[in-house]
Amino acid sequence: MNENTATQPVVELKDGALMGRIKDAVYLFSGIPYAAPPVGAARFKAAQPVQPWEGIRDATKFGPAAPQIPSGGMTDRVPVRWDEDCLTLNVATPSITAEKKAVLVWIHGGAYRSGQGAIPWYNGASFATLGNIVVVTINYRLGALGFTDLSSFAEGYETSGVNGLLDQIKALEWVQNNIGAFGGDPERVTIAGESAGAFSVTTLLGAPRARGLFHRAIPQSGAAHHTLTQAQGRRVAELLMQETQSTDVQALID
């Protein structure tokens, strides 16, 4: 059941309750975990399901961005608080009633090395109000943590070269399972993104694991493009190990 006080709306999800906020007649829920933290032994591995929580979780503040470096672009103007525990998303909705509204999931750009779902110009509040839709913005792993192929160095890291994309799929699975609590329709999900986000959109169009998780796609300022090949990913892994003076994958985790 969803509740609504004057300024602190509460929604009940499968994993627990969330308390958001209301601003300019838009319901905002921020920093919602869609997967378990990819830290420690989970670093460089595919995201796992989020652990349920007890009580009401505060969803009034954005979660940290993925660890990143300056890109030389517009995102450098935005202060970034980053942490490896970054797999969160944000929801903006005009209402949390039973009415089922179309859903827009926005995937940020940044060359797969910078960016976050909390960038001000990705604010979905205006879209939510003007279009009567539910807007979701997401974080996903970037750079070495999201796109380094360590599979040739140790067992159990077969997905390490595409974990950033698998994070996006995990977020879409969360949308399918939970967006109804925010007044969204899981049968009307559009994914959209710009630059690297657009590359992600076109990649997800052909990804078997993403089949059935969305229904329309809008790539902006980008085209069908692959991420690193396995050979390129392995080379990145070699350079990473050289730069960190690591002799094996465990050293990268420690």
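Heads up: the sequence shown runs through residues 272 to 525, numbered per the numbering used here. Even glycine gets a Cβ: it sits at the ideal position worked out from N, Cα and C.
First and last residue of the uninterrupted beta strand (DSSP E) at residue i
i	result
R376	The residue you asked about is not Arg; residue 376 is Val in the sequence shown. Note, V376: beta strand (DSSP E), 372 to 378.
S517	Careful: S517 lies outside any beta strand (DSSP E) and carries neither H nor E.
V405	405 to 409
V282	281 to 283
R328	327 to 329
is_contact[residue i, chain C] using C-beta, thresh 8 Å
i	result
M290	Absence of chain C from the displayed structure is noted, only one protein chain being present.
According to DSSP, residues forming a beta bridge with residue i
i	result
R487	T461
Y298	I293, T364
R480	Paired residue(s): none; R480 is not in a bridge.
I303	L360
A508	A508 is not bridged to any residue.
A288	E283, I327
W392	According to DSSP, W392 bridges with nothing at all.
A313	DSSP lists no partner for A313.
A336	W353
G455	K372
Same chain, Cβ closer than 8 Å to residue i, neighbours up to 5 away in sequence not counted
i	result
L511	A415, T419, S517, L523
E370	G454
V486	According to the sequence as given, residue 486 is His; it is not Val. Closer than 8 Å at Cβ, skipping near neighbours: E458, R459, V460, T461.
E325	G287
Q322	D286, A307
A312	I524
P320	A306, A307
Sequence-distant residues of the same chain with beta carbon closer than 7 Å to residue i, five excluded per side
i	result
Q513	none
F333	S301, G302, N361, A389
A481	I440, L443, L475
V310	E355, D356
W353	P335, A336, A337, P338, Q339
V446	V374, V376, V407, P457, V460
Q501	D420, G432
S221	Not covered by the structure: residue 221. The range shown for the chain is 272 to 525.
Residue i: first and last residue of the uninterrupted alpha helix (DSSP H) it sits in
i	result
V446	434 to 449
S397	396 to 402
A415	414 to 418
6 Å Cβ shell around residue i - same chain, five flanking residues per side excluded
i	result
A425	V520
T368	G454
L289	V282, F300, R328, A330
A508	T419, D420, L421
G504	D420, G432
Q387	A336, N410
Item to check | At least 3 beta-carbon pairs within less than 8 Å: the stretch 487 to 501 vs the stretch 397 to 409 | outcome: Using a Cβ-Cβ distance cut-off of 8 Å, the stretch 487 to 501 and the stretch 397 to 409 are not in contact, since fewer than three pairs of beta carbons, one from each stretch, lie closer than that value.
How about the stretch 462 to 472 and the stretch 326 to 343: do they share at least three Cβ pairs that are nearer than 8 Å? A contact between stretches requires three or more CB pairs, one per stretch, nearer than 8 Å, and the stretch 462 to 472 fails this requirement with the stretch 326 to 343.
Contact between the stretch 295 to 312 and the stretch 392 to 399 is defined here as three or more beta-carbon pairs at a separation below 8 Å; is this criterion met? Output reads yes: the stretch 392 to 399 touches the stretch 295 to 312.
Any chance the stretch 300 to 310 sits against the stretch 349 to 365, with 3 or more Cβ pairs inside 8 Å?
-> Output reads yes: the stretch 349 to 365 touches the stretch 300 to 310.
Within 8 Å, do at least three Cβ pairs link the stretch 472 to 486 to the stretch 382 to 396? Two segments are said to touch when three or more pairs of C-beta atoms, one from each, lie closer than 8 Å; by this definition the stretch 382 to 396 does not touch the stretch 472 to 486.
Three or more C-beta pairs under 8 Å: does that hold for the stretch 430 to 439 against the stretch 314 to 330?
By the Cβ rule, the stretch 430 to 439 counts as touching the stretch 314 to 330, because three or more pairs are nearer than 8 Å.
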